[in-house]
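Contents: one structure, followed by commentary.
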Amino acid sequence: MSSYEKPDYWSLRARKEGYPARSVYKLKEMDERFGLLRPVPGGVLRVLDLGAAPGSWSLYVLRQGAARNSVKLELTAADILPLSRQYDRGLFEGERFRFVRGDITLPEIRKPLLERGPFNLIISDAAPATTGNRGVDTQRSLELAETVLDYAENLAGGGSLVLKIFQGGDTAPVLRRIREYFKNGKSFKPQACRPESFETYYVGIQKL
Ligand SMILES: C[S@@+](CC[C@H](N)C(=O)[O-])C[C@H]1O[C@@H](n2cnc3c(N)ncnc32)[C@H](O)[C@@H]1O
Numbered sequence: 179m180s181s182y183e184k185p186d187y188w189s190l191r192a193r194k195e196g197y198p199a200r201s202v203y204k205l206k207e208m209d210e211r212f213g214l215l216r217p218v219p220g221g222v223l224r225v226l227d228l229g230a231a232p233g234s235w236s237l238y239v240l241r242q243g244a245a246r247n248s249v250k251l252e253l254t255a256a257d258i259l260p261l262s263r264q265y266d267r268g269l270f271e272g273e274r275f276r277f278v279r280g281d282i283t284l285p286e287i288r289k290p291l292l293e294r295g296p297f298n299l300i301i302s303d304a305a306p307a308t309t310g311n312r313g314v315d316t317q318r319s320l321e322l323a324e325t326v327l328d329y330a331e332n333l334a335g336g337g338s339l340v341l342k343i344f345q346g347g348d349t350a351p352v353l354r355r356i357r358e359y360f361k362n363g364k365s366f367k368p369q370a371c372r373p374e375s376f377e378t379y380y381v382g383i384q385k386l
């Protein structure tokens, strides 16, 4: 049985804590490390979650907003696939949340998403369906990362970005673009990434 089939520590913990996917712990670690969900003084923290299904990252953001009284937030999320309603307990029906179902590379999806901005934080766990051909998969991941960076052009000054990327292709232009847009740009591999996975995350802090 590969580690993709076997429920591991992170999957079991996600189930116990009411999240549909183990990926929530990757966002949690990045939030704790980089302070992503910072209150906007006197305003609302506007967050965009790209590639959001089944919805763990969105649930984490909404729950953190509810738990930390000081953080007023509004979340917009998008995915080709629907969100899981198994654990949300009505959070996905609240007025602070909007889900747009569709392909984030398409202008007709981009428009309603950007109307909810400008955003203070964009988080993207979007990843292409893998084919098993590493060259094809990394190229598709690079294209998706460039799409996410097009959204990042609409971040408010001081905003932050997290995007997922598959390692192995020419990722340097993506990191270069992040370093152009942000005061700090770095790559970060959370502990909850499966050891054999070739994914990593790029983080941009403080949009210029
Ligand atoms: C790893 S999953 C995201 C998991 C999510 N962060 C969570 O915690 O539940 C990656 C998602 O990216 C989505 N995705 C990939 N390409 C996309 C695209 N072009 N437009 C919208 N969503 C996309 C997939 O449908 C998939 O649901």
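Quick note: the sequence shown uses this note's numbering, first residue 179, plus one each step.
Backbone N, C-alpha and C define an ideal beta-carbon position, used for all residues, glycine too.
Nearest-angstrom Cα separation, counted from residue j out to residue i
i: I287; j: P306; result: 17 Å
i: L341; j: A244; result: 24 Å
i: S302; j: R193; result: 22 Å
i: M179; j: R372; result: The pLDDT assigned to M179 is 44, lower than 50, so where the model puts this residue is not dependable, and the model offers no usable value.
i: L389; j: L322; result: Given that the chain is displayed from residue 179 to residue 386, the structure contains no residue 389 and the question cannot be resolved.
i: F376; j: F366; result: 12 Å
i: N311; j: V202; result: 27 Å
i: G268; j: T378; result: 31 Å
i: K250; j: L353; result: 30 Å
i: E252; j: R246; result: 14 Å
Selected residue, minimal CA-CA separation from residue i, among the options
i: Q317; options: A255, P351, R274 and F212; result: P351
i: N298; options: P185, R372 and V225; result: V225
i: Q242; options: E195, G268, K367 and L215; result: L215
i: T309; options: S302, S319 and I301; result: S319
i: N362; options: E377, S338 and V314; result: S338
i: I258; options: E195, A304, F344 and K364; result: A304
i: K364; options: S189, G280 and R211; result: R211
i: Q369; options: E207, E195 and G196; result: E207
i: A255; options: R274, Y265, G268 and Q264; result: R274
i: E195; options: R246, L269, S234 and T378; result: S234
i: D227; options: L292, E374, G313 and R357; result: L292
i: D209; options: R191, V239 and G220; result: V239
Residue i: first and last residue of the uninterrupted beta strand (DSSP E) it sits in
i: S201; result: Note, S201: premise wrong, no beta strand (DSSP E); not H, not E.
i: E377; result: E377 to K385
i: I300; result: F297 to S302
i: V352; result: Here V352 belongs to no beta strand (DSSP E); instead the alpha helix (DSSP H) covers A350 to Y359.
i: A245; result: Careful: A245 lies outside any beta strand (DSSP E), inside the alpha helix (DSSP H) at S234 to A245.
i: S338; result: L333 to F344
i: R279; result: F275 to R279
i: A307; result: No beta strand (DSSP E) contains A307, which DSSP labels as neither H nor E.
i: E252; result: L251 to D257
i: R224; result: L223 to L228
Span of the alpha helix (DSSP H), counted from its first residue to its last, around residue i
i: V314; result: R312 to A330
i: I287; result: P285 to L292
Own chain residues within Cβ distance below 7 Å of residue i, not counting five before or after
i: T283; result: T325
i: P232; result: P198, A199, L261 and S262
i: Y359; result: A330, G382, K385 and L386
i: P290; result: V278
i: D315; result: P306, T308, T309 and F344
i: L205; result: W235, Y238 and I301
i: Q264; result: P198
i: G336; result: Q384 and K385
Neighbour-count burial assignment, residue i, 16 or more Cβ in a 10 Å radius
i: G229; result: buried
i: D348; result: exposed
i: Y187; result: exposed
i: D266; result: buried
i: L190; result: exposed
Proximal residues to residue i (C-beta, below 6 Å), its chain only, five neighbours per side dropped
i: A334; result: P296 and N298
Cutoff 8 Å; reference residue i; Cβ partners in own chain excluding five residues on either side
i: S181; result: Low confidence applies here, because S181 scores a pLDDT of 47, under 50, leaving its location unreliable and the question unanswered by this model.
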